[in-house]
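Some notes on the structure that comes next.
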Ligand SMILES: [Fe+2]
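Residue numbers (the numbering used here): 51 to 396.
Printed below as a string of structure tokens:
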């Protein structure tokens, strides 16, 4: 069996391949590492056949939906996953055939209602059901400490203690562990009685993960993250440098329409000389009146250069083929000491 581990901060993804058939499954991929996974698969002469999420992640953005689109292979999750793009929904003990490998799903609710562990060879991919020195938390949506107790003590901890444990997180960088080692030293597993285990889980008072709502929104729905929207827009529009725009503003040539897409109060507190106000929220509604000539050279800018990129991409979609965005925003313009006007539009 070929096994590659990809660490992304505290998250762990695993590429599991069959050396005979060159088929592989990718477990818990993260959206920002798609090129890394594809590179590793190519390096190992593997073709990814299945994209597995061990559960609905609340702390990072899953790459399964996007990779499924690129590779035309199914996203695999437990039957209880809420994500509409899951093409193969597993039940307890069902097997995935990955070449000659057999990957067996074990239904292990508790961290979430849709959690599975995946057993293959002498390896157990535990998702967030069991971590090295910890367990998954049970205080996020669909978490249940009672269910986690059963999934652990009446589930995976009854397997051969020699099983190697590969968790979805390893915040301390401990590396793989074994079921036997975790039973012996994992502090949360020392609460062997149900009531004590549940009480300990209820009293952990952990901080909320960053990006919780966005991760749940995108992982549960298949919708895009804000970063995805921005990178798609960035790939569609050309940019103009701050210095180039300053040169044009100072030359006073009227060839370029400069649009400030922030709100009115921000504009009046300081804008680029000659810029017109057209807030991003009103762009589509006012564009026909404000910009009747789609052949004009239009530049958008905002506070930081993000919203203006979305605005320029929207203008291009609407037919303004010469729309560009400022590479930077009003903050960088001020920092550079370039000229600023205050007050209402003339
Ligand atoms: Fe998780």
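Glycine included, C-beta positions come from ideal geometry on N, C-alpha and C.
Item	Value
Alpha helix (DSSP H) runs wholly inside the region 339 to 390, at least 4 long, in chain order	357 to 367, 380 to 385
Reduced DSSP category for residue 166 - H, G, I as helix; E, B as strand; rest coil	strand
Where residue 139 falls: helix, strand or coil (DSSP)	strand
Pick from 186, 135, 307 that is closest to residue 109, judged by C-alpha positions	186
First and last residue of the uninterrupted alpha helix (DSSP H) at residue 54	Not the alpha helix (DSSP H): residue 54 falls in the beta strand (DSSP E), residues 52 to 58.
Sequence-distant residues of its chain with Cβ nearer than 6 Å to residue 112 (five each side left out)	103, 269
Helix, strand or coil at residue 322 [DSSP, three-state]	coil
Cβ shell of residue 70 (< 8 Å), same chain only, five flanking positions each side left out	149, 150
Backbone CA spacing between residue 106 and residue 63 [nearest angstrom]	14 Å
Within 7 Å, strictly: CB atoms of residue 296 and residue 216	no
Residue span of the alpha helix (DSSP H) that contains residue 89, given as start and end	84 to 93
8 Å contact criterion, which residue 76 and residue 52 should meet: CB distance rounded	About 12 Å separates the two Cβ atoms, so there is no contact after all.
heavy atom of ligand 1 below 6 Å from residue 221 C-beta	no
First through last residue of the beta strand (DSSP E) which encompasses residue 399	No information on residue 399 is available, as it lies outside the stretch 51 to 396 that the chain covers here.
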